[in-house]
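Residue numbers (numbering that gives the first Met the number 0): 0 to 314. All C-beta atoms in this analysis are idealised placements derived from N, C-alpha and C, irrespective of residue type, glycine included. Before any comments, here is the structure.
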Amino acid sequence: MSDRSRWVLGLAAALLGASVPAAAHHSFAAIFDSAKPVKVTGTVTRIEWMNPHTWIYLDVKNDKGAAEAWAFELGSPNRLMRFGWNQDSLATGTSVTITGSRARDGSLKAAADKVTVTTDRGTYTAEKLIVSAGAWLPELIGETYATPFNVLRQLLFWFDVKGPVTPFLPANCPIFIWELQGPQQAIYGFPAIDGAEGGVKVATQQYERTTTPETVNREVSDEEAAAMHAKYVAPYLPDLSSRCIKAVSCLYTATPDAEFVIDFHPESKNIIVASPCSGHGFKHSAAIGEALAELAEDGKSRFDLSAFRFARFMK
Ligand SMILES: Cc1cc2nc3c(=O)[nH]c(=O)nc-3n(C[C@H](O)[C@H](O)[C@H](O)COP(=O)(O)OP(=O)(O)OC[C@H]3O[C@@H](n4cnc5c(N)ncnc54)[C@H](O)[C@@H]3O)c2cc1C
0 MSDRSRWVLG LAAALLGASV PAAAHHSFAA IFDSAKPVKV TGTVTRIEWM NPHTWIYLDV
60 KNDKGAAEAW AFELGSPNRL MRFGWNQDSL ATGTSVTITG SRARDGSLKA AADKVTVTTD
120 RGTYTAEKLI VSAGAWLPEL IGETYATPFN VLRQLLFWFD VKGPVTPFLP ANCPIFIWEL
180 QGPQQAIYGF PAIDGAEGGV KVATQQYERT TTPETVNREV SDEEAAAMHA KYVAPYLPDL
240 SSRCIKAVSC LYTATPDAEF VIDFHPESKN IIVASPCSGH GFKHSAAIGE ALAELAEDGK
300 SRFDLSAFRF ARFMK
């Protein structure tokens, strides 16, 4: 890592009060002010591997060109090692950028081991941030890393039954996924779980037309329902009528390989991105939740998450 000329370390750093002994464990909120973010670029002059916090010292030129000596607090040596750091990771003389929260007393000391999130309701600080915002994820993780995520509008329809509902009741009709012969398209759906009134759910998936959560048309038009019935319902489920009882739209967030992204953000070991996406994440929720807790607590998971790394899209 030391060959890199510039680093971005964490999202939040905070200055440590001079009155607090450097080796003491302390309350973040008592010492640092997450509402006062700082961003500092400088040259590493020294690193102290000590408990309970590692310290990085920087020579910085401030806005007026004057020299300043800053000290940034990181996690314990043990924690940094779990995230792949060692004593050679950051060489003296390396230029780094550290962002974070300023100490309440304004001294030139800092802790770079926290994440600060500012929302319209307030500012929150934590050691780890898990971003799992579904279709909203691409706009939260930075343009460079958003590229693999395509947001896609999907449509779901409930069609009326032509004759008696009995053949479509759950006792007689399964939940189905039907890989159609011919069209490069499957249809899937549910039996008439709400009886004749509710109709039979039939839907497809599309991966061609992208959208965004802000611009997507949430309404489903009569034309879309008619086209769905003509192409994918009438030829395969002829006992369903063209009367569309209900239609809704939803969003998939899909990657090019139709898999997930469950990984640390490429620019911060404090931020974990979870996109159990591509239209098939729900059934894995329990395992993904466990994996995310392990990544946040231990820096690694007992599950093999290698297929879900950002790196596969960045070659
Ligand atoms: C029609 C349809 C059918 C599907 N069928 C299946 C299926 O059969 N099996 C299956 O396994 N999966 C299925 N999926 C996929 C499954 O729903 C997704 O994989 C799963 O929901 C993804 O979970 P997530 O937590 O990443 O995102 P989401 O479930 O989309 O959750 C993201 C959450 O983040 C919130 N959020 C966004 N931005 C912010 C913000 N700035 N601040 C606070 N909150 C925010 C959103 O409101 C939302 O609640 C289907 C999806 C769709 C749309």
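Beta-carbon separation (whole angstroms), residue i vs residue j, contact threshold 8 Å
{"i": "A310", "j": "C276", "result": "About 17 Å separates the two Cβ atoms, so there is no contact after all."}
{"i": "I244", "j": "G198", "result": "4 Å"}
{"i": "T98", "j": "V150", "result": "Contact flag wrong, Cβ pair sits at about 28 Å."}
{"i": "L155", "j": "K200", "result": "6 Å"}
{"i": "A246", "j": "V215", "result": "About 14 Å; that fails the 8 Å criterion."}
Within 9 Å, strictly: CB atoms of residue i and residue j
{"i": "Q184", "j": "C249", "result": "no"}
{"i": "D262", "j": "L304", "result": "yes"}
{"i": "S131", "j": "K113", "result": "no"}
{"i": "A134", "j": "Y251", "result": "yes"}
{"i": "K127", "j": "A273", "result": "no"}
{"i": "G92", "j": "T42", "result": "yes"}
{"i": "E72", "j": "K108", "result": "yes"}
{"i": "Q204", "j": "G83", "result": "no"}
{"i": "T96", "j": "T40", "result": "yes"}
{"i": "P147", "j": "N171", "result": "no"}
{"i": "A110", "j": "F158", "result": "no"}
{"i": "F259", "j": "G288", "result": "no"}
{"i": "F175", "j": "I192", "result": "no"}
{"i": "L239", "j": "I129", "result": "no"}
{"i": "A70", "j": "L89", "result": "no"}
Unbroken beta strand (DSSP E) run spanning residue i, endpoints
{"i": "D62", "result": "Where D62 is concerned, there is no enclosing beta strand (DSSP E), given that its DSSP letter is neither H nor E."}
{"i": "G74", "result": "No beta strand (DSSP E) holds G74; DSSP gives it neither H nor E."}
{"i": "Y235", "result": "Unbroken run through Y235: none, as it is neither H nor E."}
{"i": "T124", "result": "T122 to A125"}
{"i": "D193", "result": "Counting along the chain, D193 falls outside any beta strand (DSSP E), and DSSP gives it neither H nor E."}
{"i": "D221", "result": "Note, D221: premise wrong, no beta strand (DSSP E); alpha helix (DSSP H) at D221 to M227."}
{"i": "I270", "result": "S267 to S274"}
{"i": "F175", "result": "F175 to E178"}
{"i": "V199", "result": "V199 to A202"}
{"i": "D303", "result": "Unbroken run through D303: none, as it is neither H nor E."}
{"i": "F156", "result": "N149 to V160"}
Bounding residues of the alpha helix (DSSP H) (the contiguous stretch that carries residue i)
{"i": "L294", "result": "S284 to D297"}
{"i": "E142", "result": "E142 to A145"}
Buried versus exposed, by CB contacts within 10 Å (16 or more), residue i
{"i": "L139", "result": "exposed"}
{"i": "H283", "result": "exposed"}
{"i": "Y231", "result": "buried"}
{"i": "G188", "result": "buried"}
{"i": "M313", "result": "exposed"}
{"i": "P20", "result": "Confidence at P20 is low in this model, with a pLDDT of 29, below 50, so the placement of that residue is unreliable and no value is reported for it."}
{"i": "K161", "result": "exposed"}
{"i": "A285", "result": "exposed"}
{"i": "L179", "result": "exposed"}
{"i": "N61", "result": "exposed"}
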